[in-house]
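Chains as they are written, first to last, in this note's numbering: chain U, 249 to 359; chain W, 5 to 118.
Okay, structure coming up:
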């Protein structure tokens, strides 16, 4: 599975969009980009995933660059409850067994 | 909603004790996983199972064993607990290959070994 690089921490004002970047320059053609988040003292929570097209669901949007070497998770209107560690993961969908969680980005949403 | 439950949120055991951590999922998922999470090390996969009675080693299986006698239940066993096994233990499940593959996590068990 490809390795990902994320900033260790970011701040965002409540109500503004939070844009979390992720670099995955060694991504392979059959690897998906997954995002999870972990709120303090809870298990990780799945947010969204995509292959090459941009994706949107009720939680977030995922923008993947055309060369697929980087992506951005967008929380359109961040709330205090979005304060968490966000993990960007790249893996094949068929594998699934070894989801490798790195250090992630600690997002602080401030009032 | 998928629900993954773990038997305890907090557990304190003594060195040398046998420890059982239980995980139950209610969505008929084939795949189940055990991770441990430590500060600065992220989540590390201990064992996973893709079917009843099937198990595969993850990245750090030493000192652990697992049991999956029923599809909904995946147990992690510490045969003889040691202080370096003090950690947060997370269980997860996921649907079969080709059906999303996102993992659903339980709330975690914080184990302290004295």
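Virtual Cβ for every residue (Gly too), placed ideally from N, Cα, C.
For chain U, check one thing: does any of its Cβ atoms lie closer than 8 Å to the Cβ of residue i?
| i | result |
| --- | --- |
| residue 47 of chain W | yes |
| residue 106 of chain W | yes |
| residue 78 of chain W | no |
| residue 115 of chain W | no |
| residue 24 of chain W | no |
| residue 15 of chain W | no |
| residue 94 of chain W | yes |
Taking all protein chains shown into account, do 16 or more other C-beta atoms lie within 10 angstroms of the C-beta of residue i, making it buried, or fewer, making it exposed?
| i | result |
| --- | --- |
| residue 338 of chain U | buried |
| residue 272 of chain U | buried |
| residue 288 of chain U | exposed |
| residue 19 of chain W | exposed |
| residue 58 of chain W | exposed |
| residue 325 of chain U | exposed |
| residue 277 of chain U | exposed |
| residue 238 of chain U | No information on residue 238 of chain U is available, as it lies outside the stretch 249 to 359 that chain U covers here. |
| residue 301 of chain U | exposed |
| residue 285 of chain U | buried |
Return the residue from the list the options that minimises the CA-CA distance to residue i.
| i | options | result |
| --- | --- | --- |
| residue 327 of chain U | U:357, U:352 and U:351 | U:357 |
| residue 106 of chain W | U:281, U:323 and U:354 | U:281 |
| residue 45 of chain W | W:57, W:63 and W:82 | W:63 |
| residue 115 of chain W | W:66, W:60 and W:80 | W:80 |
| residue 68 of chain W | W:35, W:13, W:10 and W:90 | W:90 |
| residue 99 of chain W | W:88, W:117 and W:55 | W:55 |
| residue 258 of chain U | U:349, U:323 and U:291 | U:323 |
| residue 32 of chain W | W:50, W:82, W:78 and W:94 | W:78 |
| residue 7 of chain W | W:117, W:97 and W:17 | W:97 |
| residue 52 of chain W | W:38, W:117 and W:13 | W:38 |
| residue 85 of chain W | W:49, W:109 and W:15 | W:15 |
| residue 117 of chain W | W:41, W:82 and W:50 | W:82 |
| residue 94 of chain W | U:298, U:292 and U:296 | U:292 |
Does the beta carbon of residue i sit closer than 8 Å to a beta carbon anywhere in chain W?
| i | result |
| --- | --- |
| residue 356 of chain U | no |
| residue 282 of chain U | yes |
| residue 297 of chain U | yes |
| residue 334 of chain U | no |
| residue 191 of chain U | What the structure shows of chain U is the stretch from 249 to 359, and residue 191 of chain U is not part of that stretch, so it cannot be assessed. |
| residue 293 of chain U | yes |
So which residues on chain C does residue i lean against when the C-beta distance must stay under 9 Å?
| i | result |
| --- | --- |
| residue 290 of chain U | No chain C appears in the structure shown, which is made up of the protein chains U and W. |
* Asked: Taking three-plus beta-carbon pairs below 8 Å as touching, is the region 315 to 323 of chain U in contact with the region 65 to 74 of chain W?
  -> Verdict: no, contact absent.
* Report yes or no: do the region 23 to 33 of chain W and the region 303 to 311 of chain U share at least 3 C-beta pairs separated by less than 8 Å? => The region 23 to 33 of chain W makes no contact with the region 303 to 311 of chain U, as fewer than three CB pairs between them are under 8 Å.
* **Any beta strand (DSSP E) of 3 or more consecutive residues that is wholly inside the region 11 to 59 of chain W** => The qualifying runs are 14 to 17, 23 to 29, 35 to 42 and 46 to 53.
* Any beta strand (DSSP E) of 3 or more consecutive residues that is wholly inside the region 289 to 354 of chain U -> Runs found: 293 to 298, 309 to 312, 318 to 323 and 332 to 340.
* **Uninterrupted beta strand (DSSP E) stretches inside the region 66 to 104 of chain W (no shorter than 3 residues)** => Counting only unbroken stretches of 3 or more residues, the beta strand (DSSP E) elements lying wholly within the region 66 to 104 of chain W are 69 to 74, 77 to 82 and 91 to 98, in sequence order.
* Asked: What beta strand (DSSP E) runs, 3 residues minimum, are completely inside the region 249 to 285 of chain U?
  -> Counting only runs of 3 or more, we get 257 to 261 and 266 to 271.
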